[in-house]
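Just so you know, the sequences run in chain order A and B. For the record, in the first sequence the residue sitting at position 52 is 52 according to this note's numbering, with numbers rising by one throughout. In short: position in the second sequence from 1, add 1000, done, that's this note's numbering.
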Amino acid sequence: MTPDLNSHPRLAAGCRLSENNQQRVLLMPERALRLNGPSLEIVERCDGKHTVQQIITDLQQLYSKAEPKKVESDILDYLARLRDQRALDFDG
Amino acid sequence: MTLAPTNPLALIAELTHRCPLHCVYCSNPLELESRSGELDTLTWSRVFREAAELGVLQADFTGGEPLARADILDLVRAARAAGLYINLITSGLPLDEAKLDALVAAGLDHLQLSFQSAREETAAEISNTKSHAQKLRVLEWLKSRRVAVTLNFVIHRRNLNQLAEMLALAESSSATRVEFAHVQYYGWGFANREQLLPTREQLANSIDFFKRAQERLSGKIRIEYVVPDYYAKYPKPCMGGWGRKLMLITPLGEALPCHAARVIPGLQFENVKDRSLREIWEASDSFQKFRGQAWMQEPCKSCDRRELDFGGCRCQALLLAGDASATDPVCSLAPTRAKVDAILEAANQPSAPAASLTSPAWLYRPNPT
């Protein structure tokens, strides 16, 4: 299921951003994801304040050379994947 | 010399072997370590700092029952200050609401609550303790605390008929993750294997159940399951490969490549009191012993899968084939696979009903002093 554009994603309980040897990582139960470039830009905005649409708009501006539709679909896929790993909650 | 290919990602901190439960499949060794020699707070704190410097991201606080340590809050604070993510694997028995709040305030990230069953009487039989009602209380308290929650059900022949009840319990809780882990046959589980090994039919039914549950609860609860490797075609990549991802520290400070490594004769283990974690990880004989491929025998040595499963589990090779360097006997290509097949055949006899009413003669794990 695609995340709702008007919902506010935020990191679920027990999921947090951290840093190890200059590498940003998303820590969660029994798992860690290395974050670089766009994945870090997305997760940093999963703060319960940005809507999914705002995250998309921000990244379309940051990566203005990329095809905007592609940026949108990549972000929606990534957010859905994090939700399925139970790293994100989506507030209304 | 084989160089350490990677840094460890997780540190398994066996803080104590003391435990109020006496589970018949406990992953602690048969020879439990006593309270008097346990590492002190300062030594553990140094170990956490050294682990973070080595690239470790997560600490698994386990035991025994890690909450049996009187300094547990200091240990959580120290690991968190070192930059580690903290998983606490607990029976929940020593918890009350104040202790839970203090743990969360100290920086606990994730609490994994172990269940022996969804039913009081099965749980009591497996753990030889009355603990189930307390676990249900802990689940209620967790609903109002900001901490990740995993429910861990250890499953086997005697409780595989209760999967639906276990899942319902998880769905009524605040857990975002459930582990259904079939018993692994080392130590106490190996001693009680005959009563624990599931039938082929039980295993097939359980896998169907997990797949349906994963589909239905996608996005709500992450469901993970571990199958008993006796029934597998190929062995598991035990610990992600020897000395590749994990490091376990025992209550007395010995550094082991896996929970059961002490069964392997001739291996000397370094102690964190004498050596830094980096020295042990990079250069100790015990961590080097089964790294890479030089130690492998045929059929592993020339097998296409040798970088996928690393030859399977060294402790299982020792326990079943009598040789820690042999191919894991659960592998269908292993020359010793017939031993595993004979064990499975006995477990699948029609004369050995899975949920027999007669209580088996369990070997319970004691509580060390």
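Backbone N, C-alpha and C define an ideal beta-carbon position, used for all residues, glycine too.
With the rule of 3 Cβ pairs closer than 8 Å, the stretch 70-81 of chain A does not count as touching the stretch 1220-1232 of chain B. Classified as exposed, M1 (chain A) has fewer than 16 neighbouring CB atoms from the shown chains inside 10 Å of its CB. The beta carbon of L1032 (chain B) lies closer than 6 Å to those of H1017 and P1368 in the same chain, with the five residues before and after it left out. Sequence-distant partners of I42 (chain A) (beyond 5 residues in either direction) whose C-beta falls short of 8 Å from its own C-beta, in its chain, are I55, L59, I75, Y78 and L79. Chain B has a Cβ within less than 9 Å of the Cβ of N20 (chain A).
Two segments are said to touch when three or more pairs of C-beta atoms, one from each, lie closer than 8 Å; by this definition the stretch 1289-1302 of chain B does not touch the stretch 1066-1086 of chain B. I1280 (chain B) is bridged by DSSP to nothing; it lacks a bridge partner.
Look at D1109 (chain B) here: in three-state DSSP terms it is coil, with no helix or strand label. Shown here, Q1349 (chain B) sits in coil according to DSSP, grouped into three states, outside any helix or strand. From the listed residues B:P1020, B:L1246 and B:A1181, the smallest Cα separation to R1069 (chain B) is found for B:P1020.
When 7 Å is used as the limit between beta carbons, R83 (chain A) is near these residues of chain B: G1219, in chain order. Among the CB atoms of chain B, none fall inside 9 Å of the CB of C46 (chain A). At least one CB of chain B lies nearer than 9 Å to the CB of G14 (chain A). In this structure, F1287 (chain B) and W1295 (chain B) do not form a Cβ contact; the two beta carbons are roughly 13 Å apart against a cut-off of 8 Å.
For R1080 (chain B), the uninterrupted alpha helix (DSSP H) segment begins and ends at I1072 to A1081. Across the set B:M1247, B:L1256, B:Q1202 and B:I1155, the C-alpha of B:I1155 shows the shortest separation from the C-alpha of C1026 (chain B). Counting along the chain, the unbroken beta strand (DSSP E) around A1181 (chain B) starts and ends at R1177 to H1182.
The C-beta distance from Y1085 (chain B) to L27 (chain A) rounds to 4 Å, short enough to fall under 8 Å. Of the candidates B:T1043, B:I1012 and B:Q1202, B:I1012 places its Cα closest to the Cα of T1062 (chain B). Sequence-distant Cβ neighbours of T51 (chain A) in its own chain, meaning closer than 8 Å and more than five residues away, are L5, N6, S7 and H8. Taking a Cβ-Cβ threshold of 7 Å, none of the residues of chain B is close to P9 (chain A); the smallest such distance is about 12 Å. Around the beta carbon of E1254 (chain B), a 10 Å sphere encloses 16 or more other beta carbons of the protein chains shown; the residue is thus reported as buried. Contact between T1041 (chain B) and P1066 (chain B) does not hold, since their C-beta atoms are separated by about 13 Å, which reaches or exceeds 8 Å.
By the rule that beta-carbons nearer than 9 Å mark a contact, P68 (chain A) does not touch chain B.
Residue environment analysis places G1311 (chain B) among the buried positions, since at least 16 neighbouring C-beta atoms fall within 10 angstroms of its C-beta.
Among the residues of the stretch 1217-1242 of chain B, those with a Cβ less than 9 Å away from any Cβ of chain A are S1218, G1219, K1220, I1221, R1222 and E1224, in the order of the chain. The three-state reading of DSSP puts D1060 (chain B) in strand, counting E and B together.
Here A1102 (chain B) has L1073 as same chain residues with Cβ atoms under 6 Å from its own Cβ, once five neighbours each way along the sequence are excluded.
Taking a Cβ-Cβ threshold of 9 Å, none of the residues of chain B is close to L35 (chain A); the smallest such distance is about 13 Å. Using a C-beta cut-off of 8 Å, the stretch 1338-1349 of chain B makes contact with the stretch 1195-1202 of chain B, since at least three inter-stretch Cβ pairs fall below that distance. With contacts defined as CB atoms closer than 9 Å, A1148 (chain B) and A32 (chain A) fail to qualify as a contacting pair. Note that the C-beta distance between S1114 (chain B) and N1159 (chain B) is not below 9 Å. Of all residues in the stretch 1183-1199 of chain B, none is placed with a Cβ closer than 9 Å to any Cβ belonging to chain A. Annotation: C1303 (chain B) to R1365 (chain B) spans about 39 Å, alpha carbon to alpha carbon.
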